[in-house]
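Participant:
In this note's numbering, the protein residues as written are 17 to 236.
1) May I ask which residues mark the beginning and end of the alpha helix (DSSP H) holding residue 137?
2) Name the two residues that bound the continuous alpha helix (DSSP H) containing residue 114.
3) Output the distance between the C-alpha atoms of residue 164 and residue 93, rounded to the nearest integer angstrom.
4) Which whole-angstrom value is the C-beta distance of residue 149 and residue 110, which I expect to be below 8 Å?
5) Relative to the C-alpha of residue 134, which residue among 198, 203, 215, 205 is closest?
6) For residue 139, collect the residues of the same chain with a Cβ closer than 6 Å to its Cβ; drop the 5 residues on either side in sequence, then sort them by chain order.
7) Applying the 10 Å Cβ sphere with the 16-neighbour rule, what's the burial state of residue 124?
8) Just curious, the beta strand (DSSP E) that residue 88 is in, first and last residue?
9) Which stretch, first to last residue, makes up the beta strand (DSSP E) that contains residue 126?
10) How big is the Cα-Cα spacing for residue 141 and residue 159?
11) Going by other Cβ atoms of all chains shown within 10 Å of its Cβ, with 16 needed for buried, is residue 202 buried or exposed?
12) For residue 222, which residues does DSSP report across the bridge?
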C-alpha cells in the first residue's frame, strides 16, 4: 500500500499575519541599521577629531578640558542640512552628529550659529569653538591649518543663476558682476586655480551678504 505524505493545511490568514510580522521585523532591522550607521560615524568623528580640538597641551588634555568645562562648543550655519530649528526643536545631520559626540563625552552641547564660513573659522582661531559642523568640504588649503574629520556625505559644486537671466554656458562668460561668492567659501580656491590655469579673464566678487545654503559646495 503506497504511503501518502500528508501536506499541512495553510490558511491564507495565517500567511498574511506571518508576512506582516516579517515586514515589521525588516522595518525594525532597517531602523536599527540606520541608528547603527549614525553611531559608527559618530565614533569615527570622535576618533578623528579627538586630537584636533583646540586646547592647550596634549590631545588628552584638550578633551579633558572640554569635559572639565562640561560643554562642547560647536559653530555652524543655519540650514536644513546642518542645523535648523522647528517648533523649538533642533535638527540637521551635522547637529545630530555633534549632539551624539557631546553625549559620548558626557557634556552639554552649545551651538553658535554664524552667517558665513569665514566667521566659523574665526571662532575656531579665536578659541570660541571646539569644532565646526557645517557641511564643510575637504580642502587642501584648510588642512594645512586644521584637521578634518571623516567624510560622511558627498556634495558637488553648483553654479546657481537667477531664473529669467541668460544661462551662462561656460565659466569664461562670467564677470565679477555676475558671480558672487560667500566669504571663506571653498569655491574661491577653485576659482583661483581655474583663473590661473584656464580662464584668465574669470572674475568674481566676495560679498558678506551672500547667503550660505547649507554646504560648502554651492555658489551664487
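Glycine is no exception: its CB is placed at the ideal position from the N, C-alpha and C atoms.
Facilitator: Let me lay it out:
1) 133-141
2) 109-121
3) 17 Å
4) 4 Å
5) 198
6) 91, 145
7) exposed
8) 87-93
9) 124-130
10) 14 Å
11) buried
12) 197
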